[in-house]
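Keeping their order, the protein sequence lines are chains A and B. 1 is the number of the first residue of the first sequence in my numbering; add one for each residue after it. 56 is the number of the first residue of the second sequence in my numbering; add one for each residue after it. Think of the CB as a built atom: it goes at the ideal place given N, C-alpha and C, for glycine as much as any other residue.
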Amino acid sequence: MAEFFAMGTHGAYIWGSYGVTALFMVGETILVLRHKRTLLQRLGRMVRLNAEEQR
Amino acid sequence: MAINWFKYSSPATFYPLAGRISPWFAGAAAILLVVGLYMSFFVAPTDYKQGEGYRIIFIHVPAAWMSMVIYLVMAGWAAAGMIWRTRLSSMMATALAPTGAMFTFLALWTGALWGKPMWGTWWVWDARLTSELILLFLYIGFMALESAIDDPRRAARASGLLALVGVVNIPIIYYSVQWWNTLHQGSSIKFDGGGVQSSMTDIMLWTLLIMALACWLYTIAVVLTRVRSIILERESGSVWVKEMLQEKK
């Protein structure tokens, strides 16, 4: 196990590469989905408010 | 049967379509990433020259490919928007830029972490590295220019022009290792004359191609989701958005 993570002498470089890549791809996914959710909530509220005003 | 592609250039028809297909791309990307990562670490053999360190190639090369391909697709959408004046085109260009910038940064980052053990340095001002850094600045410039102009049409025209001029950088990146004598190693895979030539073993090549395909599918899923948000923001005053939001409630 420890041998696997050591990757010869290149462990820090390999895990530094894969780690940051994973962080960015997971992070981008979370940001995009969260933005979509808050946007839908905000626009939904606006539509409801307008509908009530017109009543 | 002729498909009317222009039908899908309308944001109102593209929005639900993108919502239906993006989960499939996300799911396929996740599966291929798991397979690709497993092959990267447990199936692909140790390199005879670079030891284990070469395994960075399985994310470095896909990231670098994506950085260039996304730029070309982005510039293509920008051009389409300028030619046909379709609103969706410039929205697609806008949605592609952040993911393209991300892959460009990752190509530089993983390159630095690969360069240190193999070359003894994080960075050199050689043609390949410098032109890839310029690509990152082009993405950042595109996004900055686009967001600095309030009127969406003018913003799309200005940033689209920048994107088109920047296309000249892509062949410079791609051929830099042939045109100049650089520290960066030559291409491991060459696409010429219809055949694919590789200096790697088959299993390494397959691992690399699976990781590249996974990045492609990931990009499509993320960009489709992002473009839906952009459509909603820009079209928030239109009737179809209001009707859809009322139905959803």
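How many whole angstroms separate the CB atoms of residue i and residue j, which I take to be in contact at a CB cut-off of 8 Å?
i, j, result
"residue 211 of chain B", "residue 136 of chain B", "6 Å"
"residue 190 of chain B", "residue 133 of chain B", "Contact flag wrong, Cβ pair sits at about 15 Å."
"residue 244 of chain B", "residue 253 of chain B", "5 Å"
"residue 272 of chain B", "residue 84 of chain B", "4 Å"
"residue 114 of chain B", "residue 165 of chain B", "6 Å"
"residue 277 of chain B", "residue 29 of chain A", "6 Å"
"residue 287 of chain B", "residue 294 of chain B", "Actually they do not touch by this definition, with Cβ atoms about 14 Å apart."
"residue 172 of chain B", "residue 10 of chain A", "5 Å"
"residue 43 of chain A", "residue 300 of chain B", "6 Å"
Say yes only if the C-beta of residue i is nearer than 7 Å to one or more non-hydrogen atoms of the ligand SAM, and no if none qualify.
i, result
"residue 150 of chain B", "As presented, the structure is devoid of all ligands, the ligand SAM included, so that no description of it is given."
With 8 Å set as the bound, which would you pick, yes or no: does the beta-carbon of residue i sit closer than that to a beta-carbon of chain A?
i, result
"residue 185 of chain B", "no"
"residue 72 of chain B", "no"
"residue 172 of chain B", "yes"
"residue 110 of chain B", "yes"
"residue 53 of chain B", "Here chain B has residues from 56 to 304 only, and residue 53 of chain B is not among them."
"residue 178 of chain B", "no"
"residue 282 of chain B", "no"
"residue 125 of chain B", "no"
"residue 311 of chain B", "Residue 311 of chain B lies beyond the range of chain B shown here (56 to 304); nothing can be said about it."
"residue 107 of chain B", "yes"
"residue 132 of chain B", "no"
"residue 277 of chain B", "yes"
"residue 240 of chain B", "no"
"residue 168 of chain B", "yes"
"residue 233 of chain B", "no"
"residue 295 of chain B", "no"
"residue 120 of chain B", "no"
"residue 253 of chain B", "no"
"residue 55 of chain B", "Because residue 55 of chain B is not part of the residues shown, which for chain B are 56 to 304, the question remains open."
"residue 114 of chain B", "yes"
"residue 143 of chain B", "no"
Do the CB positions of residue i and residue j come within less than 8 Å of each other?
i, j, result
"residue 289 of chain B", "residue 232 of chain B", "no"
"residue 129 of chain B", "residue 151 of chain B", "yes"
"residue 217 of chain B", "residue 192 of chain B", "no"
"residue 225 of chain B", "residue 92 of chain B", "no"
"residue 125 of chain B", "residue 186 of chain B", "no"
"residue 262 of chain B", "residue 99 of chain B", "yes"
"residue 24 of chain A", "residue 88 of chain B", "no"
"residue 75 of chain B", "residue 32 of chain A", "no"
"residue 229 of chain B", "residue 123 of chain B", "yes"
"residue 215 of chain B", "residue 167 of chain B", "no"
"residue 35 of chain A", "residue 284 of chain B", "yes"
"residue 155 of chain B", "residue 194 of chain B", "yes"
Does any residue of chain B bring its CB to less than 8 Å from the CB of residue i?
i, result
"residue 39 of chain A", "yes"
"residue 79 of chain A", "Only positions 1 to 55 of chain A appear in the structure, and residue 79 of chain A is not among them; the question remains open."
"residue 5 of chain A", "no"
"residue 25 of chain A", "yes"
"residue 114 of chain A", "Missing from the structure shown is residue 114 of chain A; chain A here goes from 1 to 55 and no further."
Give the secondary structure of residue i by DSSP, where H, G and I count as helix, E and B as strand, and everything else as coil.
i, result
"residue 111 of chain B", "helix"
"residue 102 of chain B", "strand"
"residue 244 of chain B", "strand"
"residue 291 of chain B", "coil"
"residue 253 of chain B", "strand"
"residue 217 of chain B", "helix"
"residue 8 of chain A", "coil"
"residue 159 of chain B", "helix"
"residue 235 of chain B", "coil"
"residue 140 of chain B", "coil"
"residue 284 of chain B", "helix"
"residue 198 of chain B", "helix"
"residue 174 of chain B", "helix"
"residue 227 of chain B", "helix"
"residue 47 of chain A", "helix"
"residue 189 of chain B", "helix"
"residue 121 of chain B", "helix"
"residue 204 of chain B", "coil"
Under a CB-based cut-off of 8 Å, is residue i close to chain E?
i, result
"residue 202 of chain B", "The structure shown has no chain E; the protein chains it does contain are A and B."
Item to complete: May I ask you to verify whether the segment 232 to 240 of chain B touches the segment 176 to 190 of chain B, counting CB pairs closer than 8 Å and requiring at least 3?
Response: yes
Practice prompt. Answer yes if the segment 104 to 113 of chain B comes into contact with the segment 13 to 24 of chain A, meaning at least three C-beta pairs across the two stretches below 8 Å, and no otherwise.
Written response: yes
Practice prompt. State whether the segment 45 to 52 of chain A contacts the segment 138 to 156 of chain B, with contact taken as three or more CB pairs (one from each stretch) at a distance under 8 Å.
Written response: no
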